[in-house]
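J.: Here it is, the structure in full.
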Amino acid sequence: MLRINSLGVKFGSATILSDVSFQVSEKNCVSIIGANGAGKTTLLKTISGIVSNPTGTIEFQGENITGKRPDEIVKRGIAHCPEGRRVFPAMSVRENLELGGLVNRAETPRLIKEVCELFPRLGERIDQLAGTMSGGEQQMLAIARALMSSPKIVMFDEPSLGLAPNIVEEVGHIILDLKARGNTILLVEQNAFMAMSISDYTYVLENGEIKRHGPSAELLKDDYIRQAYLGI
Ligand code: ATP
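Following the numbering used here, the numbering of the sequence shown begins with 12 at its first residue and continues without gaps.
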């Protein structure tokens, strides 16, 4: 469904991503793990069209989408759930969801109903200001807002960041639930254990390059991964 071929990004003279290639098949959950500064956020922003002028190509459902604008990319079915949640704090839950549905305005009422069934806590707090919600609730709102564009693939940038362990587990269940409903997932995480526990396949990004990859269940047993990413 999504194929990244030899992607490269430079900011000035600094090489941030170099020769990054990977693919995500339909209805799979693929994770990309990496330490601080490995280039994970830059990778997702490049796929979303927020970082422009990469080298290499990004193909989505057989179409070369490299260089397209972010709104064109959302319309094709790629949703980006950004790092740090980035909800609009002074807007209500409903207004945040409406913004996520701008590409699909006629469908907005139906989609709000649907995401509130998926996240009942958002339904209960539909008129509450997003900035007054807990970190976990804001993460759920950020996920629900991404779903408002009826995406074919959802890209998550570190959804576990800054959340208590029980909420990280809940977010993991939500991602598995989305996959079970037929969504395709690209998950970028520093929390390697969480990412490999819920994904089918994992790529390891180090200093802007893919250093290893394999089925997540196998990488979880790999000595290098256990030492470098799981501290075992
Ligand atoms: P983290 O887990 O800490 O968020 P990351 O793997 O997501 O890290 P990125 O945010 O992609 O990493 O950053 C990768 C490198 O690119 C960092 O060294 C960062 O300073 C640099 N970088 C990111 N955005 C820019 C920019 N707009 N201009 C210059 N350098 C940038």
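Don't be surprised by glycine CBs; every beta carbon is placed ideally from N, CA and C. The structure presented is a predicted model; accordingly, all values stated were derived computationally and were not measured.
If distances are taken between C-alpha atoms only, which option among 121, 77, 145, 160 comes closest to residue 114?
T.: Comparing Cα-Cα distances from residue 114 to each of 121, 77, 145, 160, the minimum goes to 160.
J.: Check whether the stretch 117-135 and the stretch 164-173 touch, using three or more Cβ-Cβ pairs below 8 Å as the test.
T.: Result no; under three Cβ-Cβ pairs closer than 8 Å.
J.: Skipping 5 residues on each side, what residues in its chain have a beta carbon closer than 8 Å to that of residue 148?
T.: These residues qualify, in order along the chain: 132, 133, 136.
J.: Using only alpha-carbon positions, find the residue among 230, 144, 193, 236 that is nearest to residue 36.
T.: The residue with the shortest Cα to Cα distance from residue 36 is 193.
J.: How about residue 204: is its Cβ closer than 7 Å to a heavy atom in the ligand MG?
T.: This structure lacks the ligand MG; the ligands present are the ligand ATP.
J.: Please classify residue 200 as buried or exposed, where buried requires at least 16 neighbouring CB atoms within 10 angstroms.
T.: Classification for residue 200: buried.
J.: Could you pull the DSSP bridge partners for residue 214 from this structure?
T.: For residue 214, which the question treats as bridged, DSSP gives the partners 43, 224.
J.: On the DSSP letters alone, give me the boundaries of the beta strand (DSSP E) that residue 163 sits inside.
T.: From DSSP, residue 163 is part of no beta strand (DSSP E); its letter is neither H nor E.
J.: For the beta strand (DSSP E) containing residue 26, name the first residue and the last one.
T.: Run containing residue 26: 25-35, per the beta strand (DSSP E) assignment.
J.: Would you give the residue range spanned by the beta strand (DSSP E) that residue 16 belongs to?
T.: Per DSSP, residue 16 belongs to the beta strand (DSSP E) from 13-22.
J.: Could you check where the beta strand (DSSP E) with residue 90 kicks off and where it finishes?
T.: Looking at the DSSP string, the run of the beta strand (DSSP E) that includes residue 90 is 89-92.
J.: Measuring alpha carbon to alpha carbon, tell me which of 81, 233, 222, 23 ends up nearest residue 55.
T.: When each option's Cα is compared against that of residue 55, the closest is 81.
J.: Buried or exposed: which applies to residue 190, given that a residue is buried once 16 or more other Cβ atoms fall within 10 Å of its Cβ?
T.: With 16 or more Cβ atoms within 10 Å of its Cβ, residue 190 is classed as buried.
J.: Note down, in chain order, each residue of its chain lying with its Cβ closer than 7 Å to the Cβ of residue 107, except the 5 sequence neighbours on either side.
T.: Counting only Cβ-Cβ distances below 7 Å, and skipping sequence neighbours, we find 98, 99, 141, 152, 156.
J.: When every heavy atom of the ligand ATP is checked, does at least one fall within less than 7 Å of the C-beta of residue 52?
T.: Yes, the ligand ATP has a heavy atom inside 7 Å of this Cβ.
J.: Tell me residue 200's beta-bridge partners as DSSP assigns them.
T.: Answer by DSSP bridge pairing, in chain order: 44.
J.: When the Cα atoms are used, what is the spatial distance from residue 105 to residue 204?
T.: Using only the alpha carbons, I get a separation of about 33 Å.
J.: If we ignore side chains and look at the alpha-carbon of each, how far apart do residue 235 and residue 61 end up?
T.: Taking the straight line joining both Cα atoms gives about 33 Å.
J.: Helix, strand or coil: which one does DSSP assign to residue 77?
T.: Coil, per DSSP.
J.: Suppose you measure from the CA of residue 177 to the CA of residue 232; what does that come to, to the nearest Å?
T.: Their backbone Cα atoms lie some 24 Å apart in a straight line.
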